[in-house]
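Numbering of the sequence shown is given in the numbering used here, commencing with residue 19 and proceeding in unit increments. Below: the structure, in structure tokens.
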Amino acid sequence: MALTSPGAALQFVVLVPGKGVAGPGTQGWKYGYTHLSAGDLLRDERKRPGSQYGELIENYIKEGEIVPVEITISLLKRAMDQTMAANSQKNKFLIDGFPRNEDNLQGWNKTMDGKADVSFVLFFDCDNEICISRCLERGKSSGRSDDNRESLEKRIHTYLQSTKPIIDLYERMGKVRKVDASKSVDEVFEKVVQIFDKEG
Ligand code: UDP
Ligand code: MG
Numbered sequence: 019m020a021l022t023s024p025g026a027a028l029q030f031v032v033l034v035p036g037k038g039v040a041g042p043g044t045q046g047w048k049y050g051y052t053h054l055s056a057g058d059l060l061r062d063e064r065k066r067p068g069s070q071y072g073e074l075i076e077n078y079i080k081e082g083e084i085v086p087v088e089i090t091i092s093l094l095k096r097a098m099d100q101t102m103a104a105n106s107q108k109n110k111f112l113i114d115g116f117p118r119n120e121d122n123l124q125g126w127n128k129t130m131d132g133k134a135d136v137s138f139v140l141f142f143d144c145d146n147e148i149c150i151s152r153c154l155e156r157g158k159s160s161g162r163s164d165d166n167r168e169s170l171e172k173r174i175h176t177y178l179q180s181t182k183p184i185i186d187l188y189e190r191m192g193k194v195r196k197v198d199a200s201k202s203v204d205e206v207f208e209k210v211v212q213i214f215d216k217e218g
């Protein structure tokens, strides 16, 4: 079933960490959600030999800026279509790290055109310095070109300028479920489970 087919009933949980918070996003599987990380999809596309967007994606990521939505949404859409082509029952997605700015939100609304129901937005709230130190720790083994202080500070700037307003928008719609992500992994996990038990 293609996303664009009429009447496709899709259900989403959106995760907007945005600052580089290690969250237990992958736990969504337990509740029937397929976890799709926008950042991972972009990094895969960047690595793909012959990709016409590889260099562009790399530059945006290193600068902590948000890749134009046409690219991100085509990757997300393809991943969703593939998931549903393999199993048409799999219509619940946990979208990790998207939408991150107004451009993302508009592209999303245009593509989904009323077909996607956003169940709720999981917001991992965390102090900037904690986020930075966690990502620097991750950088020891991640090989990611944005796990360094310079890129991380740019990412925080982008977050405050572009992502925060999107979270505020969802907040006004009553969709945001906030998790204090400065706590330990176990505590964060427990809180996420509570939210999914209630809402998922
Ligand atoms: N990114 C983007 N659009 C998205 C998701 C990610 O442009 O929808 C880019 C952006 O440059 C961001 C980077 O990918 O800073 C890393 O995002 P990711 O969500 O992978 O970071 P994490 O929060 O997991 O550290
Ligand atoms: Mg991530």
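We put the CB at the ideal spot given by N, CA and C, even for glycine. Being a predicted model, the structure only gives us computed values, none of them experimental.
With contacts defined as CB atoms closer than 9 angstroms, residue 126 and residue 116 qualify as a contacting pair.
The three-state secondary structure of residue 110, taken from DSSP, is strand.
Contact between the stretch 81 to 99 and the stretch 144 to 152 is absent, with fewer than three C-beta pairs closer than 8 angstroms. For residue 142, the enclosing beta strand (DSSP E) covers residues 134 to 143. In the DSSP assignment, residue 55 forms a beta bridge with 114.
Membership of residue 195 in the beta strand (DSSP E) is indicated by the continuous run 194 to 198. For residue 101 and residue 217, the gap between their C-alpha atoms comes out near 23 angstroms. In this structure, the C-beta of residue 61 approaches the ligand UDP to less than 8 angstroms from one of its heavy atoms.
Judged by pairs of C-beta atoms under 8 angstroms, the stretch 126 to 135 does not touch the stretch 52 to 67, as fewer than three such pairs exist.
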